[in-house]
Each structure stands twice: as structure tokens, then as C-alpha cells.
Amino acid sequence: MLLRLYLFYNFLLYYSRCQSPEIIDANWNQEYNEKTLYNSSLTIFRFPVEIEYSVARVRVTCNDSSTSNPLLVVFREKSGILSLQVPIIIQNHEYNKVGRTLCPFTDDENEVLTVEVSSFKPVHYNFVASIVNNFFLEMDKTREVVASASEPIYLEYRIPKGIDSVVVHIDSNSTVCMTVSIQKIGCPVFDLTNNVISTGSHQSMTKSASIAVERSEMEAFYVIFVVNPNDNICSDMKDVLPPHPIHKNIRKKNFNVTIESASTEGEYIFAISMILGVILFIYILAIVYMVADNNAEQEHFNRGYRFFEEANYTERNRILAQEEAMLRDDEINDYDVLPDHRDKLVARAKSKLTVADMSMKTFKQREKKYNVYWVTLATVGLFYSLPVVQLVLTWQNTVRLSGDMDLCWYNFRCARPFLGFIAFNNIISNIGYILLGLLLIVLNKQRELRYTHLMQVYPRIDKECGIPQHGGIMTAIGISVVLEGILSASYHICPSSSNYQFDTSFMYVIGMLGMLKLYQLRHPDVNANAHVAFAVVAVFILIAMCGVYLHNIAFWAIFSILYIFTLLTVTIEFYFKGIWKFNFREQLNIFKYAFASSRRCSCLIPTYMGALSEGNLITYNLLTTATVNWFRLAAMVDFGVLFGVLSGVVRL
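Written as C-alpha cells, this is what we have:
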């Protein structure tokens, strides 16, 4: 009986010893090669914490553990608890070496760091804990840092007094994808791939990243660096994720961290004042020129109009004398008195045309036609711009609330926050478009008023003097420039693939209006009306949008055919000066009668050989360019490049 009690006592003693943890008084910066106990018994490392210590970093390596028998490590300190397991699984990639930075220590003299290690089955592991001596970043000093997918790094920075904002720059020669996050001081720190985007601001990078931090938002912050297990976030080429966890070599990234002071509010105000000062100087020069030109024009016109009246009086006397001589001529029995010279079909059929042949409509008719341009554009621009501005402001608010800076494609290296905008400098840079566009409108309207006044004094000026003056298209160009500035600024509030076409649309409009203005100078009656012109631009913008999403040769082939057909149609329209209409039977009859009445097939000889040759050379050159590069279009992913090839601007 006593023997049984003795054996039972020894069994309980042995069992209690097996279940009691093994406690090790550990030293900093010392590497421990240990083996875990049976049945998940704990091995506890106790590290003393001195007041001068700031933060600790631990590294654990275990090649014997597996997903079914992981090594479990728990770090206990006064400010929080951190746990990890080895191997760590990140997006089905398995890593046997894990490193973490613990929360900073408090100022308590009795604080102790406790590390508990266990596993279900015994495994060998390597463990080391060290004090981080360079945990704090400094202004204008570059820090070299190394991080990996299983060993994230974070550092701390405190913004000095007197500085409104700073910019954190990260540069690297490696193309490994990494996420950089700015988080407020506090524990726990979210420094894993699956939680780094949970708080604060974050941005993905390969070789360069910049994040601006304002003092009003946080006076001190952590800069977290998490290397991603693949490059899916940073690239359109997605890596294939393994269906099951697999072992993978550690992805490391070397990079430099630098913190610089951002521009102060006074510097922003000075820069804005300089921009407005330059534009104001341009305004003053324009006003001075406008007044001087008005006075000079009035003086020269008053002097020249007297000679013009005398010349007209002499010319009228000469014409009357010729008519009287013709009436006295007995050999003339009859002559044509039909005023067909005022018919556009007759006038434009001549081999040598003048501006007068292209401006047979009255001034009021043409003025009404060209005023439709700016009225239509102003209406469309108003309804187009308001939703755009509202949308991009909503997007920027979303970026601030979510902290996901990848939603907007800023040039982060140059972005400067001010007045609630992340990239205020990119927005204010468009003020020149708006103010100079308004100046263009004012100058054009003043010129129209001067011309209207001259017409009231000299009624025949629009019919007998120079090129007809119509400012409707020029006013529309000024409105387009203003809208381009507004929409470009809106685009830069939150640039992305979803809103890049906001200001691009009005680039097309400005180009189209510029071409129409040049053509209007010598062809006032032939120019396209506003509705047709804007409809063509709208169709092109629609096709451009489709080209962004339809990356296939079928779409490009259809567009190329339509594009060449459009060029041929426009060439014919310009050649026949707007009097050509396609009617197969009518065209066949005209050709038949012309051939029958002509000699030696003279009807086949074009009247305007130069215009026909130039138009066809351009068209066939574009067709040849598209054909030569046809089999190379499959490699193109940008619709703008395709359009450049068809235009003959881009050579592959």
C-alpha cells in the first residue's frame, strides 16, 4: 500500500513538472537555439526593460514546424500583447522566418518583456530579441532600411513645432512591391499584409513613394513598411496564387527613407500671388494693346475709307461708260441678264475662287450660325462640369476617409497638400487656363463690338473690305479653354483611369474649333454648323472611351475602316466646297452628260488639281500607314497610339 502511494506521488510530481513552464532569464541581443516542450508546455523568456530602452525587435526561425504543428510565440508587455506563428502564411505563401517590431516600451521602471514559446510537438527553433537604437526618423536625414514579406518594419517620427506638414519619401532600386502606411501612434500596430490597410493612409510602391502628412492631422506617426508576397497590387500582370500554402523564398526589399519639410502656408500664398501677378501683368498688356489698337484702327480706317469712296466712284464711272458703249454697239443683239453670278452653284464652279465666292450669305446669317457655337458649348460645358466637380470632390473625400491613396494616381513626389486638397499645386496650376481663357473671350467680344460699330458707320464694309469678321468660333475657343482649366483642375483632384477623359474631351473640342476657325477665314459659308461639329466630336469621344475597354483587333479594324471612310468623305466635301451631295443616279447622269459634251475626256480632268492631289495623298498615306502596321496592332493597348498611327504621327 505504501509502495502504491509512493509511486502515485512520484507520478503527480513528474506530471506537474512536465506541465510547469520553463522560465529563462534572457539577455538582449543573444541568440537562443532551443527546443519546445511536449504537450504545448511553455518556454518563457523574461527580458528586463531599462528606462532608456525605446522599442524591441524579435526574430524567430523554425524549420521543423509546419501548418499542422506550428510554433506559437506570444509577446507580453505592459502596453499590449502580440502573437505570431511559424510558419506564417501570407496569401498561401509559407515563410519559416518571422520578424516583428514590438510596441514601444513605457517609462515604468518595473516593466518586463515576456516571450512565451510553445508547440504541440517538440520542434527546434532559433530566437533573438534586440533593442532598436535607431527607431526614430529625423528630418532631412536618409535612413537605409531592409524589409521582407515576413519581417515588416515600422519607424516613428514626430513633427517639430513650427512645421505645418512634412513629406515622407521612400526610394528604392528594387521593383519588389511594397505597401507604405502612415498610422497614428498607438498599439497595436497594423503591420501585416492583411491589416496594414485597416487604418491610416497607405500607398503601394515599387521604386518610389511619397506621402504628405499634415501636423493638423497627427503630430507624431508611425511609418510602416510591408513587403507584399507578390506584385499584384503594383502591376496589371497578376501572379497566380497557389491553391495551397507553399514554401517560398523570402522577398526582401532595400530602400531609403527621407522626411522633408513641405511648403508652408506663407510659401503657398507667395507662389499663388506670383502666378496671379504674372497673369495680371498679361491682362494689363492686353488692355493697353486693345485700347491702342482700337485708336489706331479708327484713325487708319477713317483715312482709308475716303480713298475707298473715291476709288469706288471712279470704278462706277468706268463701268457706266462701258455699259453705254455696249448699248451703242449694233453688233450685240442679245445678252444674258440673269443674276446667276450670285448663285453658289455657279460661283463655286469656277476654277479660280475668291473669298467673295465663299461668303455670299448676308453677315447676319453667318453671324447667327457662328454664335450657335459658343451658346451650345457654354450650355454643354455647364451641364458637363457640375457633375464632374461634384464627383471628384466625393472621390477625394473617399480617399481621405479610407486612406487608400492608390485610388488616385497622383504624382506623389510633387503633390503638395493645401486647403484640404492632396495635390493643391496641380490644381492651382490650371488657373492660367481659366483666367487667360476669360481674357480671350473679352478681347474677342471687344473686337466684335468694334466691327459692329464700323458696320453701322460704313454699311458696305462686310461686303467689300477684307475677310468677313465673325467671332463666334473664337468665343467658343475661349470658353473651351476655360472649361479645360476647370476640368483639368477637377481631374487632378483625384486622377484615375475613370476620369482621365474629363479634360481630354475639351482638348478634342479645342482642336476641332481651331481647325474650323482656320477654315472659316476663307470659307465663311462652307463651314460646318455647330450641331454637326459637336456631334462628330461626341462620336469620337465615345469611340475613344470604347477603345479604352475594348482591347481587341476587331474593334480597331472597324474603327480604322470608319476612320478612312470619314477622311474620304471630308476630302470630297472640302473639294466640292459644300455643294456635293451623294445621289448615285444623279451622279451617274451628270457623269454621262459631262462625258458626252466634253472633248477628249476633259470631264475626267479635275478642276482643282492641287487640292485633289493633296487630299488624296494624305488619305492614301494614312491608309498605307494603317495597312503596314496592321499586324502590329495586336501589341497595342492604347487607343491613343492607334489614333496616332492612323494620323501618321506615330511610327511603330
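Position one of the sequence shown corresponds to residue 480 (my numbering), numbered consecutively onward.
All residues carry an ideal CB built from backbone N, CA and C; glycine is no exception.
Treat the numbers as computed from the prediction; the structure is a model and nothing was measured.
Taken atom to atom, the span from the alpha-carbon of residue 640 to that of residue 556 is near 31 Å. By the beta-carbon neighbour count (other beta carbons within 10 angstroms, threshold 16), residue 667 is exposed. Residue 604 is a Cβ neighbour of residue 550, given a cutoff of 7 Å. A direct Cα-to-Cα measurement between residue 910 and residue 594 gives close to 59 Å. For residue 877, DSSP assigns no beta-bridge partner whatsoever. Within the model, the alpha-carbon separation for residue 917 versus residue 958 is close to 7 Å. Taking every protein chain shown into account, the CB of residue 572 has 16 or more other CB atoms within 10 angstroms, so this residue is buried.
For residue 613 and residue 628, the gap between their C-alpha atoms comes out near 21 Å. For residue 765, the closest of 507, 923, 523 by C-alpha to C-alpha distance is 923. Look at the stretch 974-1040 and you find these whole runs of alpha helix (DSSP H), each 4 residues long or longer: 980-1001, 1009-1028. Under the three-state reduction of DSSP, residue 669 is assigned to coil, being neither helix nor strand. A direct Cα-Cα distance of roughly 11 Å separates residue 648 from residue 686.
Within the same chain, Cβ atoms closer than 6 Å to the Cβ of residue 606 are found at 511, 539, the five residues on either side in sequence being excluded. Residue pairing of residue 897 in beta bridges, as defined by DSSP: 900. The continuous stretches of beta strand (DSSP E) do not include residue 954, which lies in the alpha helix (DSSP H) extending over residues 951-972. Of the other Cβ atoms in all chains shown, fewer than 16 fall within 10 Å of the Cβ of residue 768; this residue is therefore exposed. Rounded to the nearest angstrom, the Cβ distance from residue 661 to residue 689 is 11 Å, too far for a contact under 8 Å. Per DSSP, the continuous alpha helix (DSSP H) segment holding residue 927 begins and ends at 910-936. Contact annotation, residue 947 with residue 845: C-beta distance approximately 7 Å; criterion of less than 8 Å satisfied. In terms of CA proximity to residue 890, 903 leads the group 882, 903, 880.
When secondary structure is reduced to three states using DSSP, residue 735 falls in the strand class.
In the structure shown, residue 637 falls within a strand segment according to DSSP collapsed to helix, strand and coil. Nearest to residue 529 by C-alpha distance, out of 610, 554, 523, is 610. Membership of residue 593 in the beta strand (DSSP E) is indicated by the continuous run 591-597. Taking residue 926 as the centre and dropping the five residues before and after it, the same chain places the C-beta of 948, 950 closer than 8 Å to its C-beta, in chain order.
Contact annotation: the stretch 870-878 touches the stretch 964-982, with at least three C-beta pairs closer than 8 Å. Taking a contact as a CB-CB distance under 8 Å, the pair residue 591 and residue 525 counts as one, their CB atoms being some 6 Å apart.
Non-local beta-carbon contacts of residue 693 in its own chain, meaning distances under 7 Å to residues more than five positions away in sequence, involve 643, 644, 896 in chain order.
Under the Cβ criterion (8 Å, minimum of three pairs), the stretch 1038-1048 does not count as touching the stretch 1003-1014. Two segments are said to touch when three or more pairs of C-beta atoms, one from each, lie closer than 8 Å; by this definition the stretch 993-1002 does not touch the stretch 928-936. 626 is the residue among 626, 990, 617, 1022 whose C-alpha sits nearest the C-alpha of residue 576.
Taking the Cβ atoms as the reference, residue 736 lies roughly 11 Å from residue 703, outside the contact range of under 8 Å. Taking the C-beta atoms as reference points, residue 646 is found no nearer than 7 Å to residue 699. Residue environment analysis places residue 966 among the buried positions, since at least 16 neighbouring C-beta atoms fall within 10 angstroms of its C-beta. In this structure, DSSP gives residue 682 an extended state, which the three-state scheme calls strand. Within the DSSP bridge table, the entry for residue 555 names 560, 593 as partners.
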